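Quick note: the sequence shown uses this note's numbering, first residue 7, plus one each step.
Cβ atoms here follow ideal geometry from the backbone N, Cα and C, with glycine treated the same way.
These figures come from a predicted structure and were not determined experimentally.
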Amino acid sequence: MIARYRALALLAPLTVACSPFHVDGPADCSMPEQNEYVYDVLEKVYLWNDTLPPRDSLDFEAFEGPEAVLNELRYRELDRWSYITEKEKSDALFDDGRFVGYGFSYKRDDGKIRVSGVHDGSPADLAGLRRGDELVTINSFNIAQIDQDEMWGDIFGPDEIGVESTIEIKDADGEQFTVTIARDWIDIITVPNVAVLDGEAGPVGYLTFGSFIGDAKDELDDAWDAFNDADITTLVVDLRYNGGGSVSIAEHLIDLIAGARTHGDGVAYRVEYNDDLSDEDEDHGMSNPGRSIDLDHVTFITTGRSLSASELVINAVRAHMPISVVGDTTGGKPVGMKRYTFCDQVLFPITFRVLNADGEGDYYDGIEPDCFVEDDLDHELGDPAESSLAAALSIMQTGACPAEADASSDQDGAMFDDDPLVKFLRAR
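Structure representation (structure tokens):
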């Protein structure tokens, strides 16, 4: 069975020593001290800290390490996301917007494993991989063998620079070819696709938004400059593979979409912490950046890979203006995290829940689309003929789902990838 991956964190700003969220680090980096530090953090800031066992009931010397402590204490009913990782990898991804990998995503589609996306300039891109290509063999193993032996967790080797994989590919024309690619540093382009499309009522803005990290604010601003030049009044935001990221970038996107319509007034979203930190609960207000456009309607394209900050944006915007959601049900992560650094590692515990201006949140089962549409791997993202985008354009023009849209989801493809925006966290 192919390993499933979790969403990227919805990250709040870093804490400082005077912050009510500050937790003193371990006295040293011995294993018992690190283990107890995990408890210290969860006891103070964990959203479900009332589910923790008493401190004196735990033997911190008995745990193999901090991850074992976190796994023991995690509130399994709702928490699928709290995790610990290496500081170097965390900083590279969240702060610098880069990662080590091959640079492509893939998913199961009608029993095949097909490429769903390729990072521009990545080893996969330079080797000629394209959306829709079928993976026939990976390192000499066919897909049936990989499934049977449950090899998906390590079939591509460790996430280290220079690690190679040889992949046999079948392209859209049925031609087969073999490539050998090596992992390398990849700089993430967060908005790889911006377009102005023809609509019956006028120009329609479209953007593919891949992650709320790195230089995303600047890339979003560039997209809105293009939309302003084209005088759009409707917009399609493609979040189908966006697993989340920084809450500050999510707030910026909310303001770009709805700031002009709300005149910068009202609540964008509300953050709520555990009962011990309830004095820190806070409403985050709307603002109206100069680039914001007074839009008549916005449609979001989603899949189960759309989580966290992506869901925050959808939930926040729908309290202020007409929206539609097209694709598949989102992943269901209505909570966020803070970072706690210790001993060259970073702990990301769930620390808050998010609500919109109408008090709506807790969408642990995901945000359901108005039109269920399968992810169409036979067309590039941004192609008006691609099923999800075609449905988005239809629902904005007619107010109804196209006749060919499904009444319910029948997608068989969980997303699995080399992309760290999901691979960063393995599902429990």
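For Phe218, DSSP records a beta bridge to Gly251. Counting other Cβ atoms within 10 Å of its Cβ, Asn148 stays below 16 and is therefore classed as exposed. Residue pairing from DSSP places Ile192 in a beta bridge opposite Phe105.
Going by DSSP, Asn362 is part of no beta strand (DSSP E) at all; its letter is neither H nor E. One thing to note: Val304 has its Cβ no nearer than 8 Å to the Cβ of Asp376. The C-beta of His269 has fewer than 16 other C-beta atoms within 10 Å across all chains shown, which makes the residue exposed. The Cβ atoms of Arg267 and Leu301 lie closer than 8 Å to each other. Spanning the alpha carbons of Phe105 and Ile194 requires a straight line of approximately 8 Å.
According to DSSP, Asn199 shares a beta bridge with Thr214.
Taking a C-beta distance under 8 Å as the contact criterion, Arg120 and Tyr112 qualify as a contact pair. Across the structure, Asn321 and Asp282 are spaced so that their CA atoms are roughly 26 Å apart.
Annotation: the continuous alpha helix (DSSP H) that includes Glu42 extends over 37 to 51. If you look at Ile329, you'll find it in the beta strand (DSSP E) that goes 329 to 333.
In this structure Pro32 is buried. Its beta-carbon is surrounded by 16 or more other beta-carbon atoms within 10 angstroms. Secondary-structure assignment with DSSP links Pro129 through no beta bridge to anything.
Straight across, the Cα-Cα distance linking Glu67 with Gly138 is about 50 Å. About 5 Å separates the beta carbons of Ala315 and Gly251, which is inside the 8 Å limit, making them a contact pair. For Ala397, the enclosing alpha helix (DSSP H) begins and ends at 393 to 404. Note: Ser293 is not bridge-paired with any residue in the DSSP secondary-structure output.
The alpha-carbon separation between Thr309 and Asp62 amounts to approximately 43 Å.
His303 carries a strand assignment under DSSP once its states are collapsed to helix, strand and coil. Here Glu386 carries a coil assignment [DSSP, helix/strand/coil]. For Glu170, the enclosing beta strand (DSSP E) stretches over residues 170 to 176. The C-alpha of Ile255 lies about 23 Å from the C-alpha of Tyr52. Inter-residue distance for Thr186 and Glu392 is about 30 Å (C-alpha atoms, whole angstroms). Per DSSP, Ser122 is one residue of the beta strand (DSSP E) stretching across 118 to 124. Under the three-state reduction of DSSP, Asp34 is assigned to coil, being neither helix nor strand.
In this structure, Ala274 keeps its C-beta atom at 8 Å or more from the C-beta atom of Glu286.
When DSSP reads this structure, Cys377 sits in a beta bridge with Val332.
Between the beta-carbon of Ile307 and that of Leu241 there is about 11 Å, and that puts the pair past the 8 Å contact cut.
Residue pairing by DSSP puts Tyr275 in a beta bridge opposite His290.
A direct Cα-to-Cα measurement between Lys118 and Gly180 gives close to 14 Å. Annotated as distal: Asp221 and Arg297, with beta-carbon spacing of 8 Å or more. A direct Cα-Cα distance of roughly 16 Å separates His125 from Leu383.
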